[in-house]
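Residue numbers (the numbering used here): 3 to 139.
Beneath this line is the structure, given in structure tokens, with notes to follow.
Right, dumping it as structure tokens:
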């Protein structure tokens with residue numbers, strides 16, 4: 003599966019990056035989410051190698067994701083380490099400055115044969131990020 007969702011927000015790339023790279027702040031993207039950084043990355047604590055635990059539903063196993071690309075104000079990518087229901091799950095968020103704000107492209111890919119799952123996931127994640135950015139600016 004592979005899908006990309008794109009939206010433009012009236013915020014600078016720096017403002018979007020501040021929301022995107024605040025992993026524990028992701029708890030505000032959707033009700034009930036709890037995100038904890040369980041291993042710091044380099045050269046910044048939220049950089050490459052950082053691992054975040056995402057508890058989406060109480061009583062279910064948490065997801066663990068690892069940051070694989072960390073380019074401030076440009077790109078953040080992560081891969082599923084455990085608890086992810088798809089093999090080879092990767093999420094990628096690319097930021098591009100426009101004259102009126104920032105274009106956000108959220109791409110998800112994984113080994114999965116269920117049609118439509120990637121699109122729903124990409125749009126849902128983008129919606130949460132966009133809502134958090136709009137709230138922050």
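Every residue, glycine too, gets a C-beta built ideally from N, C-alpha and C.
Cβ contact check for the segment 34-54 and the segment 86-94: 3 or more pairs under 8 Å: Under the 8 Å Cβ criterion, the segment 34-54 does not count as touching the segment 86-94, having fewer than three qualifying pairs.
Whole-angstrom distance between residue 63 and residue 37, CA atom to CA atom: Counting from one through the chain shown, the residue named residue 37 turns up at place 35. Counting from one through the chain shown, the residue named residue 63 turns up at place 61. Cα-Cα distance, rounded: 13 Å.
Nearest residue (CA-CA) to residue 50, options 39, 57 and 56: For the purposes of this step, residue 50 is taken as residue 48 along the chain shown, with counting starting at 1. Looking at the Cα atoms, 39 is the closest of the given residues.
Segments of 4+ residues assigned as alpha helix (DSSP H) that fall wholly inside the segment 12-62: You should have 15-22.
Status (buried if at least 16 other CB within 10 Å, exposed otherwise) for residue 67: In the chain shown, counting from the first residue as 1, residue 67 sits at position 65. Label assigned to residue 67: buried.
Spatial neighbours of residue 69 in its chain, beta-carbon cut-off 6 Å, leaving aside the 5 residues before and after: The residue labelled residue 69 in the question sits at position 67 within the chain shown. Cβ within range, chain order: 43, 50, 52 and 80.
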